[in-house]
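K.L.:
Mind looking over this structure? Questions follow.
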Amino acid sequence: MKTKHIFTLLLLVAANMLLHGEDVSFRAQAPSQVIAGKPFQLTYTVNQRARDLKAPDFGDLDYIAGPYTSQSSSTSFVNGKRTSTFTLTYTYTLMGNKAGKYTLQPATIRVDGQEYTSNGVRITVLPPDEEPAAAQGGSTQQQSRQQETGSVSQDNIFMRTIVSKTHVHEQEAVLLSYKLYFAGVDVAQFTNNTKIPEFTGFLKQELEQGEIQTELEHYNGRNYQTATVYRTLLYPQHSGEIKIDAAQFEAVLRVQVRQQVRSIFDDFFGSYTNVTKALTAPGVTIYAEPLPKGKPAGFSGGVGRFSMTSEITGTEMKTNEAVTVKINIQGAGNMKLLKTPAIDWPEGFETYDPKVTNNFKTGTTGMSGSKSIEYLAIPRAAGKYTVPAVKFAYFDTQDKEYKTLTAGPWDLNIERGAGDKEQEAVVQNYVGKEEIRQLGTDIRYIHNAEPQYRKSGRKSYSRTTVVLCYLLPLLIAAALFVIFRRQIRENADITRRRYKKANKVAQKRLREAQRLMQGTDDAAFYEAVERAAWSYLSDRLSIPTAQMNKDNIASILHDKKVSEELIAEVREVLSTAEFARYAPAGDNAKEELYNRTAELINNLENSKI
Amino acid sequence: MKLLIIILSTLFAQANEQYAAGRYAEAADNYETCLSQQTEDGTEMTDESRAEVLYNLGNARFKQGELAQAILAYERSLRLNPGNKDARYNLEFARSRIIDDIADNRTFFFSSWARSMRDRLTENTWFLLSVGLFVIMLAALVVFALARVLWVRKAAFHTAWIALLLSVVSGIDALSLHRRDTERAEAIITQGITNAKSSPDRSGTDLFTLHEGTKVEISETLGEWCNIRVGNNEGWISLQHLERI
Chain D
15 MKTKHIFTLL LLVAANMLLH GEDVSFRAQA PSQVIAGKPF QLTYTVNQRA RDLKAPDFGD
75 LDYIAGPYTS QSSSTSFVNG KRTSTFTLTY TYTLMGNKAG KYTLQPATIR VDGQEYTSNG
135 VRITVLPPDE EPAAAQGGST QQQSRQQETG SVSQDNIFMR TIVSKTHVHE QEAVLLSYKL
195 YFAGVDVAQF TNNTKIPEFT GFLKQELEQG EIQTELEHYN GRNYQTATVY RTLLYPQHSG
255 EIKIDAAQFE AVLRVQVRQQ VRSIFDDFFG SYTNVTKALT APGVTIYAEP LPKGKPAGFS
315 GGVGRFSMTS EITGTEMKTN EAVTVKINIQ GAGNMKLLKT PAIDWPEGFE TYDPKVTNNF
375 KTGTTGMSGS KSIEYLAIPR AAGKYTVPAV KFAYFDTQDK EYKTLTAGPW DLNIERGAGD
435 KEQEAVVQNY VGKEEIRQLG TDIRYIHNAE PQYRKSGRKS YSRTTVVLCY LLPLLIAAAL
495 FVIFRRQIRE NADITRRRYK KANKVAQKRL REAQRLMQGT DDAAFYEAVE RAAWSYLSDR
555 LSIPTAQMNK DNIASILHDK KVSEELIAEV REVLSTAEFA RYAPAGDNAK EELYNRTAEL
615 INNLENSKI
Chain W
514 MKLLIIILST LFAQANEQYA AGRYAEAADN YETCLSQQTE DGTEMTDESR AEVLYNLGNA
574 RFKQGELAQA ILAYERSLRL NPGNKDARYN LEFARSRIID DIADNRTFFF SSWARSMRDR
634 LTENTWFLLS VGLFVIMLAA LVVFALARVL WVRKAAFHTA WIALLLSVVS GIDALSLHRR
694 DTERAEAIIT QGITNAKSSP DRSGTDLFTL HEGTKVEISE TLGEWCNIRV GNNEGWISLQ
754 HLERI
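Quick mapping for you: the protein sequence lines, in order, are chains D and W. Here the first sequence is numbered in the working numbering, starting from 15 and rising by one per residue. Here the second sequence is numbered in the working numbering, starting from 514 and rising by one per residue.
What follows is the structure, encoded as structure tokens:
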């Protein structure tokens, strides 16, 4: 009983799994372009059993018929694995009346009680061919003529060269496509005989061409099947008019040929013939405007729209720990030509080449994507450093001006690593000395001192001033010289007079002393003797009275080569006279001193001092 | 009346700010205005201040890439204040960018040394120095003539002749600087590239090529032309291709 229950449960689960093994897919499909007045089909496809389809309001599109449902399922075993598909399709037939763009809102459907929503659909209704009666008639006529001649007119098949812009800036992407237009003919294939121009003056980037799909397009009043055959992005490399030559294509058309039907096989195989048709896509001229002047520093040719983000692994670290700065430049433009901005790491950082990862996508509007750059550096010395900002300048094609993106600057605080310390302790004696390295040269900076002012006047001296400046001191010096010399001469005269009169004066004083010797005033006598000696020496030796003393006299006499005995006698006489003035001796002493003094003066006179 | 001084000072400060912001062309224009403004109240910038303005102008011109104008400004700045070491350094720096390398065999080492010594002071300083030394010489002579002690006389004599010699040298320097400033014979090539001709005539034979920033000596002028001497070369150049310092 219990086992039976479990079995039923398992069965239910399995069935459920079968049903819901896949996700529910519910999609709406319709041709993107339709011609007004021609019905078209809108289909809703769901891969599960479903019900309650709620189609949206078709709006201005005419509802003609539907929904017709159809379903198909298939089961296959591959390598013992069962795969089953199931498709349920609802088909509506609609028709557009007026040219324009229409949007169909999503439809809803219920699968197992759950509501699912489809995608919305956009439909462009193209106007019908102009002059419908005439054109239709013409086309049938043409067709019949073609069928007869096997040729195809220019109106029925041609190539167009389509450029997204004709006026661009240097380095701004232009999308060029060669598009085939055909109506009423059947294009089988293109031969290899195509000639695509060189695109000189451009940097070319071909777009990946998937399977060629045809689209309806209303052009010059007619609806054509179109196919884009070739697409490329072009980046003008210089300014001015750049011409693109015409491109040559060759298509193989299948043209029905009306022939006499000989057999049923002829009709089957031979009623069509292949006709090769040369097609020319006309050349175009692109006007490339030069980039405006005033390129900022750090501009490396980037044109487009970019943004920049930056990241740093850390700002606090130890020596010998790596630091990484990541810079990501995102945007659209000539990504391939972007130069990697450089980081000017401070001294003391070991730097490595940045690792650049490019992730570019080429789309119809140009190249877009991201360029991420990783800068790795290892600080080798501790300290506070500032890694200067990374500047990335580009020309913004939308705002038509240069823009500069900046990342950083980053202030790094590098501490001495633990390992570093030990290492240093060991090798402390071997500190690697470095000379101050000259990193660059530049002029010295301007001076900012406040200007000083003065009364304006002559800046250089006049000739007279110059002459006076020399003449005046000269005159003063001459005058001084004259004055001083006269003074000296006068002094010399006095000295000479005293010199000459010395003996006479001394004799006079001595006579006076002789007279006093008889008297009782001893002090007067001695004074007279002393004065006689002193004044004689003073006059004779031209010594000022202030400098008169025995030592001075002795040294001058010595200089004058007077004999030592005489000098000793001078000393003794002067001492005796001085001494006797205060302690008088007897009359004999008086006479003796007088005689000695007289004799001394006589001797000095004889020695011709 | 005082207002003008304030305007000048403000203009100078503004130019310095522009220089700091990297707007060298505007800064240079303002420096030029500072230099050309005449004051009405009988005051003017001191030579030192004019030298500073000229130095800054030289820097702005250099940053603009106008080498000849920069060299001119530095030269003029140094004439007003030969003691400005930064101006001398920058002048040498700017000269190192000149294309022409002047080889002059005629100037001996001594004469070039003498010239560089001369350019270290202004004319007035040399003159005052010369007068001062002359006075010292006279004093020494008076002492020499009157002193009776031998060593004093000897010392005075040597002082006198050394002072006289130096006074004469200083006087010559002052005179030479005076002549240089009145004749204004030295000039800087302002044209990017110019050819010296054999005659003061457009059709003259091209003798040699000179580049922007080179210093030449004008020995003679004739109409629109001047005869210049540079190194061992001599030729005629249009006056519009150079500017006197």
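From the three backbone atoms N, C-alpha and C, an ideal C-beta is built for every residue, glycine too.
Measure the C-alpha to C-alpha separation of W:Val-682 and W:Phe-623 and round it to an integer number of angstroms.
P.N.:
Spanning the two alpha carbons is a distance of roughly 14 Å.
K.L.:
Can you tell me which of D:Glu-303, D:Phe-539, D:Ala-64, D:Thr-376 puts its alpha carbon nearest to the alpha carbon of D:His-181?
P.N.:
For D:His-181, the nearest C-alpha among the options comes from D:Glu-303.
K.L.:
Tell me, please, which residues DSSP counts as bridged to D:Pro-53.
P.N.:
According to DSSP, which records beta bridges pairwise, D:Pro-53 is partnered with D:Met-109.
K.L.:
Going along the segment 644 to 666 of chain W in order, which residues come within less than 8 Å of chain A, judged by CB to CB distance?
P.N.:
The displayed structure is made up of protein chains D and W, and chain A is not among them.
K.L.:
With 7 Å as the limit, tell me which residues of the segment 519 to 541 of chain W have their beta carbon closer than that to any beta carbon of chain D; keep them in chain order.
P.N.:
Cβ contacts with chain D: Leu-521, Ser-522, Phe-525, Asn-529, Tyr-532.
K.L.:
According to DSSP, is W:Asp-719 helix, strand or coil?
P.N.:
Residue state, collapsed to three classes: strand.
K.L.:
Hey, quick one: how far does the beta strand (DSSP E) through D:Tyr-408 stretch, first residue to last?
P.N.:
Taken as a continuous stretch (DSSP letters only), the beta strand (DSSP E) holding D:Tyr-408 covers 404 to 410.
K.L.:
Closer than 7 Å, CB to CB, is D:Gln-501 near chain W or not?
P.N.:
False, the Cβ-Cβ gap to chain W never drops below 7 Å.
K.L.:
Spell out whether any CB of chain D is found under 7 Å from the CB atom of W:Asp-613.
P.N.:
Not one chain D Cβ lies under 7 Å of W:Asp-613.
K.L.:
In its own chain, which residues sit with a C-beta less than 6 Å from the C-beta of D:Phe-363, not counting the 5 before and 5 after it?
P.N.:
Cβ neighbours of D:Phe-363 beyond the five flanking positions: Ala-391, Pro-393.
K.L.:
Which one of W:Phe-640, W:Asn-746, W:Ala-540, W:Thr-546 has the shortest CA to CA distance from W:Ile-520?
P.N.:
For W:Ile-520, the nearest C-alpha among the options comes from W:Thr-546.
K.L.:
Touching or not, the segment 605 to 616 of chain W and the segment 476 to 492 of chain D, by the rule of three or more beta carbon pairs under 8 Å?
P.N.:
In short, these stretches do not touch, since the Cβ pair count stays below three.
K.L.:
D:Arg-458 versus chain W: which residues are under 7 Å apart at the beta carbon?
P.N.:
Here the neighbours are Asp-599, Tyr-602, Asn-603.
K.L.:
So which residues on chain D does W:Thr-559 lean against when the C-beta distance must stay under 7 Å?
P.N.:
Neighbours of W:Thr-559 on chain D, chain order: Gln-466, Tyr-467, Arg-468.
K.L.:
Using the Cα positions of W:Tyr-544 and D:Gly-345, report the straight-line distance between them to the nearest angstrom.
P.N.:
The alpha-carbon atoms of W:Tyr-544 and D:Gly-345 are separated by roughly 44 Å.
K.L.:
If you reduce the DSSP assignment to three classes, tell me which class W:Asn-594 lands in.
P.N.:
Reduced to three states, the DSSP call for W:Asn-594 is coil.
K.L.:
Under 6 Å Cβ to Cβ from D:Tyr-399, same chain only, skipping five residues before and after it: list those, please.
P.N.:
For D:Tyr-399, where only same-chain residues beyond five positions count, the Cβ hits under 6 Å are Pro-360, Leu-426.
K.L.:
How far does the alpha helix (DSSP H) with D:Met-349 in it extend, from its first residue to its last?
P.N.:
Segment: none, D:Met-349 is in no alpha helix (DSSP H) and carries neither H nor E.
K.L.:
Check whether the Cβ of W:Phe-670 lies closer than 7 Å to any Cβ atom in chain D.
P.N.:
Answer no: the Cβ-Cβ gap between W:Phe-670 and chain D never drops below 7 Å.
K.L.:
Smallest Cα separation from D:Leu-267: which of D:Tyr-58, D:Phe-313, D:Ala-292?
P.N.:
Nearest option by C-alpha distance: D:Ala-292.
K.L.:
Measure from the C-beta of W:Ser-590 to each C-beta in chain D and report whether the shortest distance is under 7 Å.
P.N.:
With 7 Å as the cut-off, W:Ser-590 does not count as an interface residue toward chain D.
K.L.:
Return the Cβ separation of D:Asn-348 and D:Met-381 in integer angstroms, given the expectation that the two are a contact with Cβ distance under 8 Å.
P.N.:
The Cβ separation is near 7 Å, so the contact holds.
K.L.:
What are the partner residues of W:Glu-733, as DSSP defines its beta bridges?
P.N.:
Answer by DSSP bridge pairing, in chain order: W:Asn-740.
K.L.:
List, in order along the chain, the chain D residues whose C-beta lies closer than 9 Å to that of W:Asn-569?
P.N.:
Under the 9 Å cutoff, chain D gives Ile-460, His-461, Asn-462.
K.L.:
Below 8 Å on the Cβ atoms is my contact criterion, and I expect D:Ala-542 with D:Glu-526 to pass it. Report the Cβ-Cβ distance as a whole number of Å.
P.N.:
The pair is a contact, with the Cβ atoms about 5 Å apart (cut-off 8 Å).
K.L.:
Can you check whether the CB of D:Thr-338 is closer than 7 Å to the CB of D:Glu-415?
P.N.:
The answer is no: Cβ separation not under 7 Å.
K.L.:
For D:Pro-487, which three-state DSSP category applies?
P.N.:
Here D:Pro-487 sits in helix by DSSP.
K.L.:
What is the DSSP secondary structure of W:Ala-564, counted as helix, strand or coil?
P.N.:
W:Ala-564: helix per DSSP, three-state reduction.
K.L.:
Can you tell me whether DSSP reads D:Asn-609 as helix, strand or coil?
P.N.:
In this structure, D:Asn-609 counts as helix in the three-state DSSP scheme.
K.L.:
Under 9 Å between beta-carbons, which chain D residues line up against W:Asn-594? List them in chain order, please.
P.N.:
The contacting residues do not exist; W:Asn-594 stays about 11 Å from chain D at best.
K.L.:
Quick one: which chain W residues come within Cβ less than 8 Å of D:Phe-539?
P.N.:
What D:Phe-539 touches in chain W: nothing, since even the nearest Cβ is about 39 Å away.
K.L.:
Would D:Ala-44 be called buried (16 or more neighbouring beta carbons within 10 Å of its own) or exposed?
P.N.:
The residue is buried, with at least 16 neighbouring Cβ atoms inside 10 Å.
K.L.:
Taking CB distances under 7 Å as the criterion, tell me whether D:Phe-498 reaches chain W.
P.N.:
So yes, D:Phe-498 belongs to the interface.
K.L.:
Which residue wins for smallest C-alpha separation from D:Asp-367, given the options D:Ile-210, D:Phe-374, D:Thr-354?
P.N.:
Residue D:Thr-354 is the option with its Cα nearest to D:Asp-367.
K.L.:
Of all Cβ atoms in chain D, is any one closer than 7 Å to the Cβ of W:Asn-572?
P.N.:
It does; some Cβ of chain D falls within 7 Å.
K.L.:
Since W:Ile-758 and W:Glu-699 are thought to touch, with beta carbons under 8 Å apart, how far apart are those beta carbons, to the nearest angstrom?
P.N.:
That belief holds up - the Cβ atoms of W:Ile-758 and W:Glu-699 are roughly 5 Å apart, short of 8 Å.
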